[in-house]
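Novice:
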Ligand SMILES: [Zn+2]
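In the working numbering, the protein residues as written are 8 to 168.
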């Protein structure tokens with residue numbers, strides 16, 4: 008209620024639609040990262056010359072060392088589950104704009120050879136079948152459907168449970 012001495016007691020609203028086409032650059036390292044996925048179904052990282060830490064996906068600077076990073080490292084498409092959450096709350100996926108069917112598992116995965124964690128969907132939602140420490144492998148979109156974005160990775164699946 009607005010409640011004024013003039014007697015106006017309703018808030019008004021204006022409805023309209025705004026088309027918002029949106030595009031942003033993934034940068035040089037982001038482009039290399041997605042090219043490697045599209046062409047070889049594997050990942051790319053970058054090693055810090057000072058602390059030896061391997062970042063995946065690659066980035067331009069090491070935060071702790073503040074060194075520029077230029078030693079690209081080819082990484083496999085397998086890793087280890089460091090943590091996971093099974094999500095049962097309906098949620099609009101910001102990457103697709105669509106509601107992801109529940110439940111789904113959001114995983115924190117350390118790709119073999121990397122020191123950082125990569126988060127993505129794991130296609131297992133049964134808590135009896137998924138554990139921290141399990142090996143997972145990326146499942147990629149069909150080559151002809153790849154677009155150079157994170158949806159080119161469909162999900163990760165558990166390897167030899
Ligand atoms: Zn460093």
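In this text, a Cβ means the ideal position worked out from N, Cα and C, and glycines have one as well.
1) Are the beta-carbon atoms of residue 82 and residue 75 separated by less than 8 Å?
2) Does the beta-carbon distance from residue 124 to residue 115 come in below 8 Å?
3) Is there a Cβ of chain D sitting closer than 8 Å to that of residue 117, yes or no?
4) CB residue 139 to CB residue 162, shorter than 8 Å?
5) Could I get the ranges of all uninterrupted beta strand (DSSP E) runs contained in the stretch 84 to 109, with 3 residues as the minimum, in chain order?
6) Contact defined as beta carbons within less than 8 Å: I believe residue 52 pairs with residue 65. What is the distance between those atoms, to the nearest angstrom?
7) Classify residue 37 as helix, strand or coil using the three-state DSSP reduction.
8) Should residue 50 go down as buried or exposed, given a rule of 16 or more other Cβ atoms within 10 Å for buried?
9) Could you tell me whether the Cβ atoms of residue 71 and residue 93 are closer together than 8 Å?
10) Can you tell me whether residue 79 is helix, strand or coil according to DSSP?
11) Tell me residue 165's beta-bridge partners as DSSP assigns them.
12) Say the cut is 7 Å; is the CB of residue 71 nearer than that to a heavy atom of ligand 1?
13) Mind reading off the beta-carbon distance from residue 95 to residue 144? Whole number of angstroms is fine, and I expect it under 8 Å.
Specialist: Result, derived from the coordinates:
1) Locating residue 82 in the chain shown gives position 75, counting from the first residue. Locating residue 75 in the chain shown gives position 68, counting from the first residue. It is not a contact, given that the beta carbons lie outside the stated cut-off.
2) Walking along the chain shown from the start, residue 124 turns up at place 117. Walking along the chain shown from the start, residue 115 turns up at place 108. In contact: residue 124 and residue 115 (Cβ atoms closer than 8 Å).
3) Absent from the structure is chain D; it holds one protein chain and no more.
4) As a working mapping, residue 139 is identified with position 132 in the chain shown. As a working mapping, residue 162 is identified with position 155 in the chain shown. Not in contact: residue 139 and residue 162 (Cβ atoms no closer than 8 Å).
5) 85 to 94
6) Translated into the one-based positions of the chain shown, residue 52 becomes position 45. Translated into the one-based positions of the chain shown, residue 65 becomes position 58. Going by Cβ atoms, the distance from residue 52 to residue 65 rounds to 6 Å, so yes, they are a contact pair.
7) As a working mapping, residue 37 is identified with position 30 in the chain shown. Residue 37: helix per DSSP, three-state reduction.
8) Stepping through the chain shown from its first residue, residue 50 is reached at position 43. The residue is buried, with at least 16 neighbouring Cβ atoms inside 10 Å.
9) As a first step, residue 71 must be located in the chain shown, where it is residue number 64. As a first step, residue 93 must be located in the chain shown, where it is residue number 86. Result no, Cβ atoms of residue 71 and residue 93 do not sit closer than 8 Å.
10) Looking up residue 79 in the chain shown gives position 72. Three-state DSSP puts residue 79 in a strand.
11) On the chain shown, position 158 is the one that residue 165 refers to. DSSP lists 143 as partners of residue 165.
12) Along the chain shown, read from residue 1 onward, the residue named residue 71 stands at position 64. Yes, Cβ of residue 71 sits closer than 7 Å to a heavy atom of ligand 1.
13) Stepping through the chain shown from its first residue, residue 95 is reached at position 88. Stepping through the chain shown from its first residue, residue 144 is reached at position 137. 25 Å between Cβ atoms; not a contact.
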